[in-house]
Each structure stands twice: as C-alpha cells, then as structure tokens.
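As you go down the protein sequences, you meet chains Z and D in turn.
So the mapping is simple: the numbering used here equals the position in the first sequence, first residue as 1, plus 3.
So the mapping is simple: the numbering used here equals the position in the second sequence, first residue as 1, plus 1.
We put the beta carbon where it would ideally sit given N, CA and C, even for glycine.
None of the values given here were measured: they were computed from a predicted structure.
Report on the structure given below.
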Amino acid sequence: QVQLVQSGAEVKKPGASVKVSCKASGYTFTDYYIHWVRQAPGQGLEWMGWINPNSGGTNYAQKFQGRVTMTRDTSITTAYMELSRLRSDDTAVYYCARDSSSRPFDYWGQGTLITVSS
Amino acid sequence: DIQMTQSPSAMSASVGDRVTITCRASQGINNYLAWFQQKPGKVPKPLIYAASSLQSGVPSRFSGSGSGTEFTLTISNLQPEDFATYYCLHHKSYPRTFGQGTKVEIK
C-alpha cells in the first residue's frame, strides 16, 4: 500500500533552518511528483511547491522562493523539504503529498509540526 | 495566480441534511478541481478529483459538479462523521491554490 512517512516534530529558533523528510513506499517513487503543503495553527492549507523525483526538478511558490529547497534521494525513496531563515509565522504542520496530473494529492504524509520559537 | 473562493466559510447543519459548498475560481480551470475533507488534527482526505470523480472508498453521498469557474460539493444525507472542514483545490496550473475552507458544524 502507498505510504508517505514523515520525520518527527521539531522546535527551532528564529533564523534557523529545518529539513523535513518524506519516505515513500508502496509505489514507484519516480513516477509521481511530491508536493509540500503547510497549515498554520487554525488556518487553511497552503501550497509550497513540488519536486519531480525522477529529474530532481522543482517548482516553488513565489512566497517561499529563496527560502525553500526541495530535494530527493531516489536510493532511499525519500523527498526532503528544507526551509531556512525561519520566522515565528512558519510555525505550522508541514505535509508531503503524492501527486499525479489527474488525481492531485491522492496520498499524504502524516504531517510534521515545526514550531519556531525563541 | 488563480484564486479560489469558497462559500460559505462556515455552516451549521443537521444529520440527514443536504449540504452544498461552492468554490469559485478567478479564471477558468476546466475541470481541474479537487475536494478534500479535514477533521481536527487529521490529515486532509481526498474526496473528489476532476470536479466530479469520486476517490476510491468515498461514500456515494458525496458528489461534485461544475466546470470552468464554478464548482459545488454536495453531501446528501449528512452523517455524523461528515462534520469537518472542506477545501477545494485547483490543479490546472502553478501555483496550486486551495480555497479558504468551509467548516461544517453540527446544528
């Protein structure tokens, strides 16, 4: 069965960086893009960008350009999202989600809570 | 960027009711529209893709319709487990954008 398993919660100080992992299993990793979506406490869903696990190509939301880096390691079928220069308003649950052109975000990771606090 | 506007932002309904949620796109997106259900503290669950196609395992009381700029999610015969927040998402282009969500609460 398809599974996306994310790394655990983290607490970071303002200005630091965080790297979240998303381990995929149950399907061919390189056949589907991985997207990242975040949700601040009590707020809606916000799309951050995607990575093509096959080519390594990426596309980031303009809001995060310059602060976010998405990578992957095909040998261990894992995608990563690194966010730098963290601010308090980056406190959120970060999700990875599998995507195909016809069925967007059909499988999600369990979410990773990132808390930014001094 | 394409903006997605949901209405209402919140609503109260009773078990057995028929509920309709609307999602409007700021420009035409054909049928590149998906719906998700999210319960507090849980991962969003995909319900519908391509505006009207039900994801596997989703009860048939959920249905979607629309094309272009206006879309609806209908829940017929609302069940206790349906009280949640619902989000639309366009996937016609990038950036992808979600609606702001519609919270369906118990009356």
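Chain-order list of chain D residues neighbouring residue 113(Z): 44, by C-beta distance under 9 Å.
In the three-state reduction of the DSSP assignment, residue 94(Z) falls in the coil class.
A direct Cα-to-Cα measurement between residue 46(Z) and residue 77(Z) gives close to 33 Å. Counting every other CB atom within 10 Å of its CB across the protein chains shown gives residue 71(D) a total below 16, marking it as exposed.
Within the same chain, Cβ atoms closer than 7 Å to the Cβ of residue 91(D) are found at 3, 5, 26, 30, 33, 34, 97, 98, the five residues on either side in sequence being excluded. Residue contact with chain Z for residue 72(D): absent (no Cβ-Cβ distance below 8 Å to any residue of chain Z). For the options 58(Z), 72(Z), 42(Z), 68(Z), the alpha carbon positioned closest to that of residue 92(Z) is the one of 42(Z).
Around the beta carbon of residue 83(D), 16 or more other beta carbons lie within 10 angstroms, which makes this residue buried.
When Cβ pairs closer than 8 Å are counted between the two stretches, the region 31–40 of chain Z is seen to touch the region 95–115 of chain Z, the count reaching three or more. Under the criterion of beta carbons closer than 8 Å, residue 26(Z) and residue 8(Z) qualify as touching, at roughly 5 Å. Residue 73(D) and residue 19(Z) have their C-alpha atoms some 42 Å from each other. Look at the region 81–98 of chain D: the residues with a C-beta under 8 Å from a C-beta of chain Z are 88, 90, 92, 95, 96, 97, 98. DSSP places residue 87(Z) outside both helix and strand once states are collapsed to three, so it counts as coil. Residue state for residue 17(Z) is assigned as coil, using DSSP reduced to three classes. Residue 38(D) is classed as buried because its beta carbon has at least 16 other beta carbons within 10 Å across all chains shown.
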